[in-house]
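Below is one structure, written out as structure tokens; the observations come after it.
Chains as they are written, first to last, in the working numbering: chain A, 18 to 208; chain B, 19 to 205; chain C, 5 to 274.
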């Protein structure tokens, strides 16, 4: 008798558990030929948004600059029979066309930013680099894109100019500094 | 007489022991030298001035078709990079899984570093590739020794991308840094 | 006075005579009967127990809600600047026990259970791992929990069109039939007279009978369901005219008669 009561209690507990795990409803049929029906339904799982694929092109010029020192003007002093020297104006930095340019192209399906930094080596700290744009914004290339319509790659560029004097008279294609392009996701603008 | 002979014998025995010990030390030293010279894999030079002669061993061909090279001005450089911003470090396997591709249209070779900034501001290079030529991608790299000290967890690091002239192997004046790489470290 | 005595003695003698005969007769038939007492005897015979069928079948339904994963993946191609759609193998899934239908029989007779799936979306089908089964009646005085139950699982397949809302794709209908319930009579109308009871089965339109014919020969069986007469033949059921079916003497057979398919399935039992 005890066994029966135990098994009955256990079965009741299991039945209760079943009723809480996915069993939605109950029906009773009380006649031969009786029927009961239940709808079957389906939910469509939306297609997941495409993962971000990062693709960035960087093009840079030779970054070779030529420093032309200012002219030296020698003035004769007839009293001392010596020349005194003065510099006419300031030195000049020149470069080949596009040699100082850096161009970035974003083909990612994500907007990016690029920060350009120029670090001069310790021995050339007298030279100051200047950037036409230190921070570049690169739009998401997938805007407007579908499986049949292409998006548009976004491009941005900056140019480096140098100021100050190159004091190392022996410099010949000497490395005076480095450029780093730091790429990050653009911060999303909250609507 | 007998005493003298015994003393001489003792002296001889001691000399032999000393010579044996010295011989063993010499042999050990020779062994270490041979190992260090011929068998030890040296740690790679970080951010080398010239591209490593050896191509990255885990590099795989990436492009189905070879693309037209990017335009580049004389003395300049051009690279295209395709990458994912996740890296998974397995300490037990001493490997990191990631995805970085140098498409065939790139002009320059690449050396890729996975870098982690520590709390004190110093940076640790967790992995550095060999030379990744245009048309190749890498999906796993061997970890550097320093990576073994990492605890399990998630970190934010960066890719430091170094560019090299394909003809002279010289490092370019410009390098790249890709921020916010999610690094997951597991045993 | 003398006359009265004589009359009484004569009367007594007359009365004694049949009693004596009765004694002789009973001597011939059996033991003596006490003329003062006669036993009334009664014998108890069990009455026929009539049990009315009581049907009580519990049906527990899972939610019958399914999720369709189209396995479509969209990836960005930075070389073409287009999205690329790739198609994997679509998958159907559901929550734990959502696809289960459990039927429990609390009736006082065996029942047959039949499950049907009717699709409302032409591209999606549903199948059961078992859609016809029987459930025995619980033993008298047994616990509620001891009632027999069986569970069927509904699997759906096919392609669901993209939709944002939950969509009805079909309907499950369960039919319960008392198995010992007679449906009619299977009767031989010509040659040899024979009839047997026709019983319902779990499946609507399908009946069974046990047939054991007394003689060899061709029998012309028929039965009536919902006003339609069905005739048995060696080629199945006919509805237009009587037909014969050959029977072997002494062979006991179980017949399944399907009026949906007009078929007869015969199985020899002994």
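Note that beta-carbon positions come from the ideal geometry of N, C-alpha and C, so glycine has one too.
message: With a threshold of 8 Å between beta carbons, is residue 202/C in contact with chain A?
response: Answer no: the Cβ-Cβ gap between residue 202/C and chain A never drops below 8 Å.
- request: With DSSP as the reference, please indicate the residues paired to residue 74/A in a beta bridge.
  value: 122/A, 98/B, per the DSSP bridge assignment.
message: To test your reading of the DSSP string, which unbroken beta strand (DSSP E) runs of 3 or more residues are found completely within the stretch 169 to 212 of chain C?
response: Whole beta strand (DSSP E) segments, 3+ residues: 171 to 182, 186 to 192, 198 to 204.
query: Where DSSP assigns a beta bridge to residue 173/A, which residues make up the other side?
result: The partner list for residue 173/A (beta bridge, DSSP) reads 121/A.
task: Please determine if the stretch 109 to 122 of chain B and the stretch 180 to 191 of chain B are in contact, where contact requires at least 3 C-beta pairs separated by less than 8 Å.
output: The stretch 109 to 122 of chain B vs the stretch 180 to 191 of chain B: no contact.
- prompt: If you count every other CB in all the chains shown that lies within 10 Å of the CB of residue 179/C, and 16 or more means buried, which is it?
  reply: Buried is the call here.
- prompt: How many Å lie between residue 69/B and residue 146/B at the Cα?
  reply: When rounded, the distance between both Cα atoms is 12 Å.
query: Cβ atoms of residue 153/C and residue 106/C: under 8 Å apart, would you say?
result: Going by beta carbons, residue 106/C and residue 153/C fall inside the 8 Å limit.
message: Determine, for residue 67/C, whether the minimum Cβ-Cβ distance to residues of chain A falls below 8 Å.
response: Yes, its Cβ sits closer than 8 Å to a Cβ of chain A.
- prompt: Taking 8 Å as the CB-CB limit, is residue 164/C close to chain A?
  reply: For residue 164/C, the answer is yes, since a Cβ of chain A falls inside 8 Å of its Cβ.
field: Same chain only: Cβ atoms within 8 Å of residue 28/C, ignoring 5 sequence neighbours per side
entry: Summary for residue 28/C: the model assigns pLDDT 43, below 50, so the residue's position carries little reliability; its value from the coordinates is reported in the next sentence. In the same chain as residue 28/C, and ignoring 5 residues on each side of it, no C-beta atom comes closer than 8 Å to its own.
- prompt: Along the chain, where does the alpha helix (DSSP H) that runs through residue 32/B open and close?
  reply: For residue 32/B, the enclosing alpha helix (DSSP H) begins and ends at 20 to 52.
- prompt: So which residues of chain A does residue 91/B contact, with C-beta pairs closer than 9 Å?
  reply: Neighbours of residue 91/B on chain A, chain order: 76, 77, 78, 79, 113, 114, 115, 116, 118.
Within 9 Å of chain C by C-beta, residues of the stretch 42 to 54 of chain A in sequence order: Across the stretch 42 to 54 of chain A, CB contacts with chain C closer than 9 Å involve 42, 43, 44, 45, 46, 47, 48, 49, 50, 51, 52, 53, 54, in sequence order along the chain.
- request: Could you work out which residue in 131/C, 233/C, 112/C is closest to residue 140/C when comparing CA atoms only?
  value: Cα-wise, what sits closest to residue 140/C is 112/C.
field: Nonlocal neighbours in the same chain, by C-beta distance under 8 Å from residue 110/C, ignoring five residues either side
entry: Spatial neighbours of residue 110/C in its own chain (CB-CB distance under 8 Å, excluding positions within 5 residues in sequence) are listed in chain order as 60, 61, 62, 142, 148, 151.
- request: Using a cut-off of 7 Å between C-beta atoms, extract the partners of residue 10/A located in chain B.
  value: Outside the displayed span of chain A (18 to 208) sits residue 10/A, for which this structure offers no information.
field: Nearest-angstrom beta carbon gap, residue 41/A and residue 79/C [assumed within contact, 8 Å]
entry: Actually they do not touch by this definition, with Cβ atoms about 38 Å apart.
query: Any residues in the stretch 176 to 194 of chain B with a beta carbon nearer than 7 Å to a beta carbon of chain A? Which ones, in chain order?
result: The residues in question are 191, 192, 193, 194.
task: Using a Cβ-Cβ cut-off of less than 8 Å, list which residues of the stretch 150 to 163 of chain A approach chain C; keep chain order.
output: Within the stretch 150 to 163 of chain A, the residues whose Cβ lies closer than 8 Å to some Cβ of chain C are 158, 159, 162, 163, listed in chain order.
Three-state class that DSSP yields for residue 73/B in the structure shown: DSSP places residue 73/B in strand when its eight states are reduced to three.
- prompt: Would you say residue 140/A faces chain C, with C-beta separation under 8 Å as the test?
  reply: For residue 140/A, the answer is no, since every Cβ of chain C falls outside 8 Å of its Cβ.
- request: Just the C-alpha distance for residue 138/C and residue 206/C, rounded to the nearest angstrom, thanks.
  value: Per the coordinates, the alpha-carbon of residue 138/C lies some 7 Å from the alpha-carbon of residue 206/C.
query: Looking at the unbroken beta strand (DSSP E) that takes in residue 166/A, where does it start and where does it end?
result: For residue 166/A, there is no enclosing beta strand (DSSP E), as DSSP marks it with neither H nor E.
- request: If I'm right that residue 71/C touches residue 90/C with Cβ under 8 Å, what's the distance once you round it to whole angstroms?
  value: About 20 Å separates the two Cβ atoms, so there is no contact after all.
- request: Could you check which residue in 82/C, 102/C, 46/C has the C-alpha nearest to that of residue 68/C?
  value: Nearest of 82/C, 102/C, 46/C to residue 68/C, Cα basis: 102/C.
message: Quick check on residue 177/A - is its C-beta less than 8 Å from some C-beta in chain B?
response: Taking Cβ atoms only, chain B never reaches closer than 8 Å to residue 177/A, which makes this a no.
message: If the criterion is Cβ atoms closer than 8 Å, does the pair residue 96/B and residue 126/B meet it?
response: Cβ atoms of residue 96/B and residue 126/B: closer than 8 Å.
query: Can you name the residues that DSSP bridges to residue 178/B?
result: In the DSSP assignment, residue 178/B forms a beta bridge with 131/B, 195/B.
query: Quick one: Cα of residue 76/B to Cα of residue 158/B, how far?
result: Rounded to whole angstroms, residue 76/B to residue 158/B spans 6 Å at the Cα level.
task: State buried or exposed for residue 99/B, treating a residue as buried only when at least 16 other CB atoms are found within 10 Å of its CB.
output: Of the other Cβ atoms in all chains shown, 16 or more fall within 10 Å of the Cβ of residue 99/B; this residue is therefore buried.
Segment contact flag, the stretch 155 to 172 of chain C with the stretch 121 to 138 of chain C, C-beta cutoff 8 Å, min 3 pairs: Because the criterion of three Cβ pairs below 8 Å is met, the stretch 155 to 172 of chain C and the stretch 121 to 138 of chain C touch.
query: With burial defined as no fewer than 16 other Cβ atoms inside 10 Å of the residue's Cβ, what is the status of residue 63/A: buried or exposed?
result: Residue 63/A comes out exposed.
task: Under 7 Å between beta-carbons, which chain C residues line up against residue 72/A? List them in chain order, please.
output: Per Cβ cutoff of 7 Å: 82.
- request: Tell me, please, which residues DSSP counts as bridged to residue 93/C.
  value: For residue 93/C, DSSP assigns no beta-bridge partner whatsoever.
Where residue 189/B sits in the DSSP three-state scheme: For residue 189/B, the three-state secondary structure derived from DSSP is strand.
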